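The sequence shown lines up with residues -17 to 447 when you count with our numbering.
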Amino acid sequence: MTRLFNHKPTAELQSLDAAHHMHPFTNGAQLAEKGTRVITRAQGCTLTDSDGAEILDAMAGLWCVNIGYGRDELARAAFEQMQELPYYNTFFQTSHPPVIELAQRIAALTPFDLNHVFFANGGSDANDTNIRMVRTYWALKGKPSKKTIISRVNAYHGSTVGAASLGGMTPMHEQGGLPIPDITHIKQPHWWAEGGEMSPEEFGLHAARALEREIERLGQDNVAAFIAEPVQGAGAVIVPPETYWPEIQRICDEHEILLIADEVICGFGRTGNWFGSQTFGIRPDIMTIAKGLSSGYAPIGASVVSDEVAAVIDSAEFNHGYTYSGHPVSCAVALENLRILDEEGIVERVKTETAPYLREKWMTFADHPLVGEVRISGMMAALQLTPDKASRAAFAAAPGTVGTICRDFCFGANLIMRHVKDSMIISPPLVITKSEIDEMADRAHKALDLTYDRLKDEGLLVAAG
Ligand SMILES: *Cc1c(COP(=O)(O)O)cnc(C)c1O
-17 MTRLFNHKPT AELQSLDAAH HMHPFTNGAQ LAEKGTRVIT RAQGCTLTDS
33 DGAEILDAMA GLWCVNIGYG RDELARAAFE QMQELPYYNT FFQTSHPPVI
83 ELAQRIAALT PFDLNHVFFA NGGSDANDTN IRMVRTYWAL KGKPSKKTII
133 SRVNAYHGST VGAASLGGMT PMHEQGGLPI PDITHIKQPH WWAEGGEMSP
183 EEFGLHAARA LEREIERLGQ DNVAAFIAEP VQGAGAVIVP PETYWPEIQR
233 ICDEHEILLI ADEVICGFGR TGNWFGSQTF GIRPDIMTIA KGLSSGYAPI
283 GASVVSDEVA AVIDSAEFNH GYTYSGHPVS CAVALENLRI LDEEGIVERV
333 KTETAPYLRE KWMTFADHPL VGEVRISGMM AALQLTPDKA SRAAFAAAPG
383 TVGTICRDFC FGANLIMRHV KDSMIISPPL VITKSEIDEM ADRAHKALDL
433 TYDRLKDEGL LVAAG
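Structure, rendered in structure tokens:
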């Protein structure tokens, strides 16, 4: 297909990008040397770059484009809302139809009595809201000492100062003097890396009981909440053992600790249900949502709050909010996105058709010599690479060396599959078809084979000592 490009030539875009655009989570100097890949268009699950190459996006952008690219309905919803009311705030006794409708829609979709929505611009600032919300909740209940929030090592809750403090990513803590006070981290339920001699079931209980030990160490009267992703996404799709979440729920209930489920990735169909909490039997007091809420077409996030928590927060003035809390255009886009997810049965199809199909395909990777563990929940999955399956060893090379090699082979094969250290991860648009899943798996297999050969050639197929 010939097509006239409506943009500057690739080399010029790359050099302007290097000159003026600072990229998130990137070594800018290294990137400038390699040059960025410039994405210009997208449709369904396929991206097009500035040279016209077509790339299969097995990451749905950043875990967010749940309904796939190119849905004109969302563009129209944004256009019409901008004409009608492009902006108004919700601070001073005012509201507007899209925010009201969206809050009601979210309340109806979320389980239990999560019926109250505080809007943010994305997941990070929704989690900042949560920090303020849970501490305010306990203060208003006459227990101001209940301030500490317990999170987990290798958790991702966003990149603002508050959200990165909740997160358990040490490289993020090292820059900028994080975490902020009164946030602590317990171990993650990552059996492959940390389970030792325990069975996954034993380890699930063990990892959950780390929460109980931490509450006892801090004193229950000092703990406000526990926050966790149902499945750790950015941590490398860590699917907890089945024993983990029921035990976490028991501990939160028994110790009067609010439970925050960070559903930013797991929400809106990713795990095969509307919410990861439904997949894992979690009963949260607060849910963080973002990403799939608008399928990434417009920035929006929110904290969804139980009747009880909302009643307490509403009893005083909550001194918090964002200029763009409940932005009308983002709300209109999110509403249209939710309508499509629902009316086209996309979440249902993930559960009954495509996620089981993906699972079948993904399990075949267990036979590959480089793959130590296959992790999958609905439409998110990981391949844990290892030089020695039997001992579940890490590579001797610095973490991420092998993952980067494999990622580059995927990129070269026009497949976007991300690496987290030495795990390869996918989180495709929920509308991915079976034949696209086949194609994705084929390209991933080839990339793994090439990686294996490269590791042998370079003497990297060596276990850490
Ligand atoms: C992406 C993510 C966030 C942060 O959301 P932003 O929209 O980037 O601020 C928070 N929590 C989880 C689990 C995420 O994956």
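Beta carbons: idealized from backbone N, C-alpha and C, even for Gly. Model, not experiment: these values are computed from the prediction.
Close beta carbons around residue i, own chain, < 8 Å, minus the five adjacent residues each side
{"i": "K169", "result": "R134, V135, E176, A189, A192"}
Same chain, Cβ closer than 6 Å to residue i, five either side skipped, listed in chain order
{"i": "H302", "result": "R114"}
{"i": "I358", "result": "R341, W344"}
{"i": "L91", "result": "W256"}
{"i": "F262", "result": "P212, W227"}
{"i": "C392", "result": "M399, A429"}
{"i": "K129", "result": "R117, D164, A206"}
{"i": "H98", "result": "V287, A292"}
{"i": "A423", "result": "K343"}
{"i": "L187", "result": "T225, E229"}
Residue of the options minimising C-alpha distance to residue i
{"i": "V402", "options": "A216, T270, D424, S285", "result": "A216"}
{"i": "V47", "options": "I387, T386, A376, M362", "result": "M362"}
{"i": "Q75", "options": "D370, E299, L352, D424", "result": "E299"}
{"i": "L122", "options": "S297, L160, A102", "result": "S297"}
{"i": "D390", "options": "S77, T18, T142", "result": "T18"}
{"i": "Y461", "options": "S181, S312, V287, L412", "result": "In the structure as shown, the chain starts at -17 and stops at 447, and residue 461 therefore has no counterpart that could be examined."}
{"i": "E330", "options": "N255, A292, E355", "result": "N255"}
{"i": "S458", "options": "T130, H155, I131, K128", "result": "As displayed, the chain neither begins before -17 nor continues past 447, which places residue 458 out of reach and without an answer."}
{"i": "A314", "options": "I37, D95, M180, E62", "result": "E62"}
{"i": "Q12", "options": "Y138, I21, A1", "result": "A1"}
{"i": "R58", "options": "S181, E318, E36", "result": "E318"}
{"i": "F25", "options": "A35, R53, K16", "result": "Reading off the sequence shown, one finds Gln at residue 25, where the question assumed Phe. That would be R53, whose Cα lies nearest to the Cα of Q25."}
{"i": "Y339", "options": "T166, T415, G159", "result": "T415"}
{"i": "S77", "options": "Y306, A380, V353", "result": "Y306"}
{"i": "R252", "options": "Y138, G441, P410, I162", "result": "P410"}
{"i": "M41", "options": "A446, G447, A426, T433", "result": "A426"}
{"i": "E290", "options": "I268, Y304, Y279, H350", "result": "I268"}
{"i": "G34", "options": "G50, Y138, D420, K(-10)", "result": "K(-10)"}
{"i": "T225", "options": "L240, A218, V219, M180", "result": "M180"}
{"i": "G464", "options": "A380, G382, T433", "result": "Since the first residue shown for the chain is -17 and the last is 447, residue 464 is missing from the structure and cannot be characterised."}
{"i": "V356", "options": "R265, V20, I220", "result": "I220"}
{"i": "S32", "options": "V20, I328, L38", "result": "V20"}
{"i": "A506", "options": "I407, L(-2), G144, I49", "result": "This structure gives no information on residue 506, because the portion of the chain shown stretches from -17 to 447."}
{"i": "G150", "options": "I162, A137, Q157", "result": "A137"}
Neighbour-count burial assignment, residue i, 16 or more Cβ in a 10 Å radius
{"i": "P369", "result": "buried"}
{"i": "Y69", "result": "exposed"}
{"i": "A372", "result": "exposed"}
{"i": "S405", "result": "buried"}
{"i": "N112", "result": "buried"}
{"i": "Q(-4)", "result": "buried"}
{"i": "L29", "result": "buried"}
{"i": "N9", "result": "exposed"}
{"i": "P153", "result": "exposed"}
{"i": "T336", "result": "buried"}
{"i": "M(-17)", "result": "The predicted model places M(-17) with a pLDDT of 45, which falls under 50 and marks its position as unreliable, so this point remains unresolved."}
{"i": "M502", "result": "Limits of the chain in this structure are -17 at one end and 447 at the other, which puts residue 502 out of reach."}
{"i": "R199", "result": "exposed"}
{"i": "T270", "result": "buried"}
{"i": "T346", "result": "exposed"}
{"i": "A364", "result": "buried"}
{"i": "E15", "result": "exposed"}
{"i": "A(-7)", "result": "exposed"}
{"i": "D203", "result": "exposed"}
{"i": "L56", "result": "buried"}
{"i": "F101", "result": "buried"}
{"i": "A85", "result": "buried"}
{"i": "F377", "result": "buried"}
{"i": "A218", "result": "buried"}
Contacting residues, own chain, Cβ-Cβ under 7 Å from residue i (five flanking each side not counted)
{"i": "N(-12)", "result": "none"}
{"i": "P93", "result": "F257, S259, Q260"}
{"i": "M64", "result": "V311"}
{"i": "K438", "result": "none"}
{"i": "P126", "result": "W120"}
{"i": "E184", "result": "none"}
{"i": "R23", "result": "T30"}
{"i": "R51", "result": "Per the sequence shown, residue 51 should be read as Tyr rather than Arg. These residues qualify, in order along the chain: A24, Q25, G26."}
Practice prompt. Enumerate, from N- to C-terminal direction, the unbroken beta strand (DSSP E) stretches of 3 or more residues contained entirely within the stretch 270 to 301.
Written response: 283 to 288
Item to complete: Examine the Cβ distances between the stretch 244 to 260 and the stretch 203 to 212 and report whether three or more of them are shorter than 8 Å.
Response: yes
Fill in: Complete beta strand (DSSP E) runs within the stretch 153 to 236 (minimum length 3 residues, chain order)
Those beta strand (DSSP E) runs which fall completely within the stretch 153 to 236 and span 3+ residues are 165 to 168, 205 to 210.
Practice prompt. Kindly provide the ranges of any beta strand (DSSP E) runs that are 3 or more residues long and lie completely inside the stretch -16 to 67, ordered along the chain.
Written response: 21 to 25, 28 to 31, 36 to 39
Discussion item. Does the contact criterion of 3 or more C-beta pairs under 8 Å hold for the stretch 236 to 244 versus the stretch 324 to 335?
Written reply: no
Worksheet item: Is it a yes or a no for the stretch 373 to 387 touching the stretch 52 to 72, going by three-plus beta-carbon pairs under 8 Å?
Response: no
Worksheet entry | Three or more C-beta pairs below 8 Å linking the stretch 103 to 111 and the stretch 272 to 292 | The stretch 103 to 111 vs the stretch 272 to 292: in contact.
Worksheet item: Pairing CB atoms from the stretch 192 to 202 with CB atoms from the stretch 228 to 238, are three or more of them under 8 Å?
Response: yes
Worksheet item: Unbroken beta strand (DSSP E) runs of length 3 or more, entirely within the stretch 323 to 394: which are they?
Response: 353 to 359, 362 to 367
Practice prompt. Report yes or no: do the stretch 26 to 46 and the stretch 262 to 274 share at least 3 C-beta pairs separated by less than 8 Å?
Written response: yes
Item to complete: Kindly provide the ranges of any beta strand (DSSP E) runs that are 3 or more residues long and lie completely inside the stretch 83 to 134, ordered along the chain.
Response: 96 to 102, 130 to 134
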